[in-house]
Every structure is written in C-alpha cells, then in structure tokens.
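A.B. asks: Here the protein sequences come in this chain order: A, B, C, D, E and F.
In terms of our numbering, the first sequence opens at residue 666 and continues consecutively.
In terms of our numbering, the second sequence opens at residue 666 and continues consecutively.
In terms of our numbering, the third sequence opens at residue 666 and continues consecutively.
In terms of our numbering, the fourth sequence opens at residue 666 and continues consecutively.
In terms of our numbering, the fifth sequence opens at residue 666 and continues consecutively.
In terms of our numbering, the sixth sequence opens at residue 666 and continues consecutively.
Supplied in structure tokens, the structure appears directly below.
Number of protein chains: 6
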Amino acid sequence: MPAWMEKSDLPGGWITAEYALLPRSTTTRVRRETQGLSGRTQEIKRLIGRSLRAGFNLGLLGNRTFIVDCDVLQADGGTRTASVTGGYAALCLALKDLVEGGSISSEVFLSPVAAISVGILSGTPVLDLNYAEDSQAEADLNVVMNQAGEFIEIQGTGEGSTFSREVLDTMLEYAESGIQQLISKHISDIS
Amino acid sequence: MPAWMEKSDLPGGWITAEYALLPRSTTTRVRRETQGLSGRTQEIKRLIGRSLRAGFNLGLLGNRTFIVDCDVLQADGGTRTASVTGGYAALCLALKDLVEGGSISSEVFLSPVAAISVGILSGTPVLDLNYAEDSQAEADLNVVMNQAGEFIEIQGTGEGSTFSREVLDTMLEYAESGIQQLISKHISDIS
Amino acid sequence: MPAWMEKSDLPGGWITAEYALLPRSTTTRVRRETQGLSGRTQEIKRLIGRSLRAGFNLGLLGNRTFIVDCDVLQADGGTRTASVTGGYAALCLALKDLVEGGSISSEVFLSPVAAISVGILSGTPVLDLNYAEDSQAEADLNVVMNQAGEFIEIQGTGEGSTFSREVLDTMLEYAESGIQQLISKHISDIS
Amino acid sequence: MPAWMEKSDLPGGWITAEYALLPRSTTTRVRRETQGLSGRTQEIKRLIGRSLRAGFNLGLLGNRTFIVDCDVLQADGGTRTASVTGGYAALCLALKDLVEGGSISSEVFLSPVAAISVGILSGTPVLDLNYAEDSQAEADLNVVMNQAGEFIEIQGTGEGSTFSREVLDTMLEYAESGIQQLISKHISDIS
Amino acid sequence: MPAWMEKSDLPGGWITAEYALLPRSTTTRVRRETQGLSGRTQEIKRLIGRSLRAGFNLGLLGNRTFIVDCDVLQADGGTRTASVTGGYAALCLALKDLVEGGSISSEVFLSPVAAISVGILSGTPVLDLNYAEDSQAEADLNVVMNQAGEFIEIQGTGEGSTFSREVLDTMLEYAESGIQQLISKHISDIS
Amino acid sequence: MPAWMEKSDLPGGWITAEYALLPRSTTTRVRRETQGLSGRTQEIKRLIGRSLRAGFNLGLLGNRTFIVDCDVLQADGGTRTASVTGGYAALCLALKDLVEGGSISSEVFLSPVAAISVGILSGTPVLDLNYAEDSQAEADLNVVMNQAGEFIEIQGTGEGSTFSREVLDTMLEYAESGIQQLISKHISDIS
C-alpha cells in the first residue's frame, strides 16, 4: 500500500486514497473497473480518504497531496478497514522521512489511526471477520478510531437484517479493543 | 418521491432508489450528473436502497422491482435521511394499493422505517440539522431505525473531527427519539 | 425554472439552458440520463438556448453567463415550448434585479419572447396540445416568436405524416395568436 | 452515401441515418466525435432519419433496417439537406434492387423526397447557400418536401436574428421551387 | 489523407495521426467508433504516428503539431501501411510549402518513408495483399522502411499460425523491394 | 498471473488476456485507467492474447474461455514479454489440472511459448532490457516464439530511431537464444 506525493499550487495539504480489487483477489473473478468506478468502490475510497485525513494535521503538510493506493491482492474479510490501517502505516513511513529531513514539522502526526470490522455470528461477537464469517454475520460494523479512543468513522450497514442498541454497544466495545491492539502492536512504533 | 414498479422475470422482489439534487436545490448551483454519478450520489442511493429494503419482506413482493426516485427540489439539511423517510412513505402508499387489491400479502410490511441526522453544535446535540447547522457541527451521525427500535444503518462520518463514545451515545439517543416521533406522527398511519 | 448567473473571463454575455424530465414526470417512468444526454434532450436544450438568446441584447450582459434549468416535474404536452416561455420569464425576473441595481442597462430587453405548439387533430387546428392530443395529431409545429410578431424558431416535424402549405399557414396563424396571448397575459408585465 | 440493410427479429421495417463530418471536410479541422456524439450531430441524424422514413411505406419493408451513412467529405453549405436528398437517392437505388428481385412490393415508394436550405442575404432570398453565404445570412430555413408538395420537415433557426411572416413565405416558395427541381432532375428517374 | 497544422506553446514539433474506417469502406458495414476507440484503431493510429515521425527532424518543425487524418473510404488490403505511405506524402506536400515559404528549414526532411504488407499464400510470398489474399495468408508482416534501407517498424502478427526464420527472411526481402519501389515511383519526387 | 476459466454457450474455446500496471509499479506513479483503456494498454493486451492462443489447440478447449490477468506489481523492463511468458505458464498449470481430470485432451498443448525483448545499447545487443537500459536503447524488438523455433509475433518499434537489416538479424538471434533458455529452464517442465 504505497503512498505517493505530488506538489500542488494550492496552500495546505491533502490526503486521498484509491482502492481496487485485483480481478483474482476474490474467489470468483471480479471485472476490472475500466469504464467508471462502481458505487461500492467509490464509497470505500471516500471512507479511506476521510479516515486517513483524520490522522494528520493537514495544515502542516505544505502544498503536498498524498495518494494512498490500496490494491487488494487477496480479499479475505474487511478490505476497507485493512486499507485504512495499512494506509495509515504507509503514510507514517512516508511522512517520517519528510519530518526527519526537516521539510515537515513533527506535529503533523495526530493520534494514530486504525480500523477494524466486527460482526455478530450466531449470537457471538467476532472481530475482523474473514470472508466466510462475513457472509453469515447477522450484523456488521466498520469502525475507525484513533489511539485516544475517539471515533473517526462508524458504519453499520445491515442489509437484510437489523440490530439492537445492546448489540451495537457490544460491537463497539469489541471494535475499540481490537483497534487499540492494532495500534499498539503495529502502528505505534512507526508513527 | 414517487415509487415506480416494474415486472421482472426473476423470482422474488427488489427495492432500489435513485437520488439527485436539482441544480438549483442548493444555494450555489450544482452541476447535473450527466456523465456518470459522483461518489457522493452513489453512496447516498445505496444507503437509501438498503434502508428501504429493510422495511419490507422482499420475498412477498413477487417478481416486482420498485424504484423510488428521490429528486431533491430544495436541499436544506439531511437530504439522505429525508429521502429514506419520504421514500418509505411512498413505498407504503404504493404497496397498500397492491395489498388492498389482493396481489400482495399484507405481511409484506415489516416494522416501519424512518431516518434522521443528528449533530453536536457548540457542545449541544441538535436533531435534523439544517444546512447552516450542518456546516458548523462538530460531529454528525445519520441513523436509520425501525419502530421496533432496531438499527438498520448508522453512519457517523467525522471529516476533520472526531467524537467520543459519550457523544456517540448522546447522539444515538437523540436519533432514536427523533425517529420514533417521525414514525408515530407521519409514518405509522400510512403503513 | 430558475436562472443562475456565473461570471466569466470573456467579454460579452451568454445565455444557455439545460433540460431534463424527472423520471416520474411522464406516465411511464423515463430513465435518468446519467451516461450522456440523449439526442432528444440535446435537441431541446439547444432550441431553448437559441430562443432565449433572441430575447436579450447579449452585448449588454457584461461577462455574465446565465443558465436556465428546465426540469420538468409533470410532462403533459409541449415541454419544450413551455420551457422557452417559462425560461424567458425567469430570465426577465433575474435581469430586472440587475437592471434595477444598475449593473446592467435596461436596454438589455429586446422584444418579449414566448413559444407554443400547435397541431391538427381530425382536421381541426389545436393550440398547446396536451399529451393525449399530441400523440394523435396529424401534424405538429413548435413556434417561437416575439411580441413584435417576428419568428425566432419554427420547427415542424412530421414523423410518419406530411402537411400541406395550407395547413402550415393555418398552424402559423394559430401559433401567432397563442403566443401573443401568452406574452400579453403572462410575460409583458414582468419584462 | 451508401445504404446498408440488416435483418431484425421485429415485424415491420425501419430506416435510420448516421452523419459525420470528416475532420478536414471543413476549412478549419473539426475533431472526430469519438467520445459521444455532439448535440448538433444528433439533431442532424434524427432530422435525416425522420425525413427518409417519410419517403417509404415502412410496413412494406419487411423486418429490415436500413442505415444510411452520411459522411461529409467536403462541407460547403447545407450538409443536412444534402444528406436528406442524397440519402433518399441511395435508398431508392437499394430498394429498387429488392423490388426488382421480388422481395419487396413496388408500393414501398411513396412520393419522392428532397431537401434544400434557403436564406435571406442582404434582403435577397438565396437557395442552397454555400458556406460563405450561410455565415452572412439574415435568416435560414431548412425544408424537406415530397414531390406531391407536402411538407415533411421545416426548421427555421434564427440564432441571433428574427424573421417576419413575409420573409418566411418567400423562403418557403423558394424552397418548394428548389426541391421540385431537385426531384425532377435528380430523383424522379431513380425512384 | 490531409495534414493539418496547429501551433502549440511547447518548443519543438510533433506529428500525430488519426485513423478510421468509414462504415461502408468494408464489405460488411462496420460500426462508427463514437464511444471510444477500439484497440485495433488505437494500435493502428499509434503505428502510423511513430512511422511518420521517423521521416522528419521534429526539432526543426518549430512549435507546430501536424495531424494526419487517415479516413479509409475503401478498405481492400493493408490499410495501415497505405496510411503510412499516403500520410508521408501528405506531410511532404504540407511541409514543402512551409520550407519554400522560409518558415521551416529544408533539413526537416529525413530519408523518405513508406510501408507495405507482405504475406505467404500457399507457400508463395505475396506483396501488398488485398482483402481476399490477406484472409487466407499463412503469415503476415507489416514493414515500414526509409529510402536508406533502414527499418522503422516491423510487425509480424501470426494469429493462429507461426512462421519460420526462413519465411521471415523472404518476407523481409519482398517488403524491402516493394517499399523501395513505392518510394522511387511515388514518394521521392515530392519529398 | 492467474488464469480464470468461464463456460460459454459457443462451441470451441478462447483465450484472452488483460493487462494493467499497478499505480506504483513504476518509478513515477501512473494513473489507473478507470475511464477507458489507453492505446498502449489495448495494444499490449491484444499482443498477449494472440501470443497465448498460439500455444494451444483452441478447438480442444471445449466451450471454455480463459482470461489471463497480467497485473504488473513492479515494472522494470519488458512487461509485455514477461506477461506472455508468465501467462503461458499460468495457462499450462490451469490446463494440466483439466487434462489430468480428463475433461480436456492432452493434445491441447502445442509447442511451448515464451517471449523476450532485445535491444542495442551503445552498439551491443542486450537481452531482456531493464528500465534503465530500455530508455537508452538504440533499437528495440519484442519477440514471441515457440520451442519449435517458429515465430509467433515480432514487433520492432523504433520511435525516434531506425535499424539496419544486420542489426535486426543480430537481435533476432539473441531473442531466439533467450527464448529457448526461458522455455527449457522455466516452461518445459510445466507444459
């Protein structure tokens, strides 16, 4: 998940993301989106972009645009949350070079960001569902949080099902716990 | 917000939605989307479709597809949640005719559905934000629920801001209260 | 039918129009034109634009472009001629503000413009055909004129039929009479 | 201007036309329309198609679709009216073979069709304007008629100008005279 | 095959080509490419452009872009090689005027360029195959060369067949001989 | 480079290929082709498809279509020839399963296929050029051959340069030698 930087003529910085499934990243081959992006892809790339922008002080980026390319080689489970977590890590690595080189202030880093999916499977909450679990879950929630415990995005989409407030609360707790683990194990040492 | 019905050759029914802003529905004219739908429009029409499908037993619709056209004449505040609430009412009216005519079972109606937006403005929760409030809110949540108090969709998107679990809980309570009012005042008598 | 104004860098002004049928403006739902405009829509928007430009001294508009949005909520009869007449009225209202505010000369108004359709139904000329009449007419003519009695556009399109010079003359007389009535009753007091 | 025939599964026949300017058919090179047809091209191809269909009894064509390709090699003057006249001739030649071969009834031919443009130049009516005349004309009318003297299409488009009823009558007379000459000299012997 | 010149703001010149089959240039009508160019068309226009650029010193063209339009009126045989040869001649004629007028140095002309196709038919090499020969050839080679005997492009595409080194050598010899004939007979007197 | 199989209703089989550069496969990020494929991409995918089809007896594939996805993760040198060689290997692996399972005859395999690029760098022939070499080569040739020593495709494209027959002969010898090495080392044991 590489991060690419471009100079622009506008003041202030920007972070954006692109997302694609390789045709054989899935069990059944998916078509390339060569004639316009699908609604699903646009929804996901916008979610990733908003989530990544919440992790950095855009005003300190200078007139630089960062593009994070999330190309999924193997799609098993929550590709949009994995894209947020991996994309945040890629941006940290790219920005650390610029911070160490003195071209960007170290205050560009806000509280570290990660994301995870959580579902209810036969009444049991399950974190980071794989493809088989995801297709049988009774409820499904994507959560983006930072290390400070603040929410950046929550998306609970219940196509064909509904969920109670109690289930929502359980899922939020699982998600928070999972995200803090992701950050402490994989993110905090590079951010 | 009219509902249109088409026969298909497939067994089972389907509900879908389309969404568009009229060019002068907004303070500053928006361009028509005549060369492909924007990411925002696709995101919204998918949300409306999923929400409406949760209000009906699709298996009882027969091989009928219902298209709900959400064309916004004046955009002041949460047009996506207004589209869900209004679209649900339009579908109820259309289906009541079919139920009364005997071509669809009255069990097609599940628990009535409505949606609302809620935000935090200078620390105070505000329901159903208008345009001016929406552009200054510190946090923003769209909620779709049914009369049974079950969640269908929640989308909290915090571009440029974050929100705590406590604020999320407050917003969820306001949303639930607002949705139940919408249903009891406007929806329950037609569904 | 709102008129929207934009500043441009070019000297001289311009007036243009857009046209769309809302999906349920018609008896049978029409598809949205989200992948390019149809030939019919392009033909109509060009006719409206040419007709509206004939009503004003473009050289006095300054470097302003006016866009008239003709979104048809209910399509019963001649929507293209109704768009010309209504669009002209909308432009007059918009320009009166600018003239009264002193930013545009009052000489921008040329002779007032209106449009009407006329057909032959079972041998009888009929003005301003509705949908049922239009689909049975033997001949069909759209006319755009100004109050001075000069023609701006005439379009007689006889798909599947032909019409004699005598019938054309009768239709032109009916159209002229109808247009002068439209202008004197609805247009002349606002232009 | 070749006519191409395709078999279809539908009962009854159809005639359609396509129109394009070769890039160097004009004094200043025009771009190819490879990303969707312009409004002008769509308007013209629809006019040609309607005009050609008025010259034949479509019910006698069998389930055949005829496509007339109007590719303009040199554009000097009224290319849309030349396309109607030439396209009618091409269709006659194609249909005569089918009539002589016995697969289509000779009653497929209705009254022969031709088209011409007429304008007013410094107060004088001018038939079949060339490019230089067309760009200076005060009024401009395209007329499609048959040998029986019936009108099929009239299009008077006065971008930037208007014309009186008297001028219209003069232009109609010139057009009728020109069309009857075209038919008697070039069309009647092949139809 | 006309050559069109445009001024650009960039230093140095450029030569590019466009290619299209008229719908009835072929035995069976081909569709117009109005919704994006096919792979075949793009492949051919790129080949023509590269070949033509090899015939001129681009640095001496000044900031001019030349567009060569290759519209095929009748497609019998190697239309891509005919487009190279004809396009080179068109460019020579256009550039001679500019050289004679003193705006471009006469050193802009490099060694003259032409192209030809060659195939193997029942074991016999055949130069400049026509449509009937081309569809039965066992091997097929397109060659672009200059008068100095240097290769500019060779494309041997053997869909459904293969060819030995010996056959390749024979085809190359025939191609060279044919190209030198084309240049000496048709090209050398205008370049 | 995975191979994907689809059943079709047509008799006989087919092999096709798709090709894309991941945005960061290159030193400078390339844009995704989401609004139609570029000419370069179409040219390459057609070359790969033709080359792969030459390696198999399509008539023995049954009504199956194989799609080979060539997504370049790191682009250093001849990606089109690497796609042919790798795509051939992927197809062999896929077909061996079908042959061993008895659904396809083992005679589906024709002579094994591979491809390589060769160039001239400061007068010295270089096989399988990397990016740095490729951008400085004086001549460049892509060759597709089979183990029997027959040519399937040769493409010598000399944008900005030309090459003599002697240089072409040298490059062909190097290419043949390289391809036979590729086949004997990497391909022959899996085909």
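By construction, the Cβ of each residue, glycine as well, lies at the ideal position given by its N, Cα and C atoms.
Keep in mind the model is a prediction, meaning the values are calculated, not measured.
Beta-carbon separation of G821 of chain F and Q820 of chain E under 9 Å?
C.D. replies: Taking 9 Å as the Cβ cut-off, G821 of chain F and Q820 of chain E qualify as a contacting pair.
A.B. asks: For S748 of chain F, report the span of its alpha helix (DSSP H) as first-last.
C.D. replies: Run containing S748 of chain F: T744 to E765, per the alpha helix (DSSP H) assignment.
A.B. asks: Can you pull the chain E neighbours of T699 of chain D, defined as C-beta to C-beta under 7 Å?
C.D. replies: Chain E residues near T699 of chain D: E698, T699, G701 and L702.
A.B. asks: Report the residue ranges of all alpha helix (DSSP H) runs contained in full by the stretch 760–801 of chain C; include only those spanning at least 4 residues, in chain order.
C.D. replies: Listed in chain order, they are 796–799.
A.B. asks: Between the Cα of T730 of chain A and those of F:P777, F:L687, F:E838 and F:R694, spot the shortest distance and give me the residue it belongs to.
C.D. replies: Of the listed residues, the one whose Cα sits closest to T730 of chain A is F:R694.
A.B. asks: Please report how far the alpha carbon of A840 of chain E lies from the alpha carbon of V783 of chain E, in whole angstroms.
C.D. replies: When rounded, the distance between both Cα atoms is 6 Å.
A.B. asks: Could you tell me the alpha carbon to alpha carbon distance between N811 of chain D and T835 of chain D, rounded to whole angstroms?
C.D. replies: Straight-line Cα distance between these residues: approximately 19 Å.
A.B. asks: Can you grab the Cα-Cα spacing for the pair V808 of chain E / A719 of chain C, in whole Å?
C.D. replies: The straight-line gap from Cα to Cα measures roughly 58 Å.
A.B. asks: Would R694 of chain D pass as an interface residue toward chain E - the criterion being a Cβ-Cβ separation below 9 Å?
C.D. replies: It does: the Cβ of R694 of chain D has a partner Cβ on chain E nearer than 9 Å.
A.B. asks: Relative to the C-alpha of M666 of chain F, which residue among F:A759, F:P688 and F:P790 is closest?
C.D. replies: Residue F:A759 is the option with its Cα nearest to M666 of chain F.
A.B. asks: Pull up the distance between the alpha-carbon of S703 of chain E and that of G724 of chain D, whole angstroms please.
C.D. replies: When rounded, the distance between both Cα atoms is 36 Å.
A.B. asks: Considering only C-alpha positions, which residue in the set A:G743, A:C735 and A:L763 is nearest to M670 of chain A?
C.D. replies: Considering only alpha carbons, the answer is A:L763.
A.B. asks: What does the alpha-carbon distance come out to for the pair R689 of chain A and Q739 of chain A?
C.D. replies: Computed Cα separation, rounded: 8 Å.
A.B. asks: Using a beta-carbon distance below 9 Å, is F828 of chain F in contact with chain E?
C.D. replies: Taking Cβ atoms only, chain E reaches closer than 9 Å to F828 of chain F, which makes this a yes.
A.B. asks: Expressed to the nearest angstrom, what Euclidean distance is found between the alpha-carbon atoms of S771 of chain B and E818 of chain D?
C.D. replies: One C-alpha to the other measures close to 54 Å.
A.B. asks: Please tell me whether A685 of chain F has its Cβ less than 9 Å away from any Cβ of chain A.
C.D. replies: Yes, its Cβ sits closer than 9 Å to a Cβ of chain A.
A.B. asks: Tell me whether Q812 of chain A sits in a helix, a strand or coil according to DSSP, three-state version.
C.D. replies: The answer is coil: DSSP assigns Q812 of chain A none of H, G, I, E or B.
A.B. asks: Given 8 Å as the limit, tell me if E818 of chain B has its C-beta closer than that to any heavy atom belonging to the ligand NAP.
C.D. replies: No copy of the ligand NAP appears in this structure; indeed no ligand is present at all.
A.B. asks: Can you name, in chain order, every residue of its own chain whose Cβ lies under 6 Å from the Cβ of I844 of chain E, other than the five neighbours on each side?
C.D. replies: A779, I781 and M810, listed in sequence order.
A.B. asks: Check whether chain B comes within 9 Å of I732 of chain C, counting only Cβ atoms and requiring the distance to be less than that.
C.D. replies: Answer yes: the Cβ-Cβ gap between I732 of chain C and chain B drops below 9 Å somewhere.
A.B. asks: Report the residue from B:P676, B:D793, B:A668 and B:Q707 whose alpha carbon sits nearest the alpha carbon of Y684 of chain B.
C.D. replies: Closest by alpha carbon: B:Q707.
A.B. asks: Since I713 of chain C and A747 of chain C should fall inside the 8 Å C-beta cutoff, what is the C-beta to C-beta distance between them, to a whole number of angstroms?
C.D. replies: With a Cβ gap of about 10 Å, I713 of chain C and A747 of chain C do not count as contacting.
A.B. asks: Looking at C-alpha atoms only, which residue of C:T699, C:C757 and C:P676 is the closest neighbour of I732 of chain C?
C.D. replies: Ranking the options by Cα distance to I732 of chain C, first place goes to C:C757.
A.B. asks: Would G677 of chain A pass as an interface residue toward chain B - the criterion being a Cβ-Cβ separation below 9 Å?
C.D. replies: Cβ-Cβ to chain B under 9 Å: no for G677 of chain A.
A.B. asks: From what residue to what residue does the alpha helix (DSSP H) around T835 of chain D run?
C.D. replies: Start and end: R830 to L847.
A.B. asks: Please confirm whether R689 of chain D has its beta-carbon closer than 9 Å to some beta-carbon of chain E.
C.D. replies: Cβ-Cβ to chain E under 9 Å: yes for R689 of chain D.
A.B. asks: K710 of chain D CB to nearest chain C CB: under 9 Å?
C.D. replies: It does: the Cβ of K710 of chain D has a partner Cβ on chain C nearer than 9 Å.
A.B. asks: Whose C-alpha, out of F:E698, F:L726 and F:G767, is nearest the C-alpha of D674 of chain F?
C.D. replies: For D674 of chain F, the nearest C-alpha among the options comes from F:L726.
A.B. asks: Using beta carbons (cut-off 9 Å, strictly below), is A719 of chain A in contact with chain B?
C.D. replies: So yes, A719 of chain A belongs to the interface.
A.B. asks: Taking only beta carbons into account, state which residues of the stretch 770–781 of chain B come closer than 9 Å to chain C, listed in chain order.
C.D. replies: Cβ contacts with chain C come from no residue of the stretch 770–781 of chain B.
A.B. asks: Quick one: what's got a C-beta closer than 8 Å to L687 of chain B's C-beta in the same chain, skipping five residues either side?
C.D. replies: Hits under 8 Å: D736, V737 and L738.
A.B. asks: Could you say which of E:G825, E:E815, E:F816 and E:E838 lies nearest to Q801 of chain E if we only look at CA atoms?
C.D. replies: Selected option, being the one with the closest Cα: E:G825.
A.B. asks: Quick one: which chain A residues come within Cβ less than 8 Å of G823 of chain B?
C.D. replies: Result: R715, A719, F816, I817 and E818.
A.B. asks: Do G742 of chain F and A668 of chain F have their C-beta atoms within less than 9 Å of each other?
C.D. replies: For G742 of chain F and A668 of chain F, no; Cβs fall outside 9 Å.
A.B. asks: Is it buried or exposed, I680 of chain D, if we count other Cβ atoms within 10 angstroms and call 16 or more buried?
C.D. replies: With 16 or more other Cβ atoms within 10 Å, it is buried.
A.B. asks: Given this structure, state the Cα-to-Cα distance separating L775 of chain B from K672 of chain B, to the nearest angstrom.
C.D. replies: For L775 of chain B and K672 of chain B, the distance between alpha carbons rounds to 22 Å.
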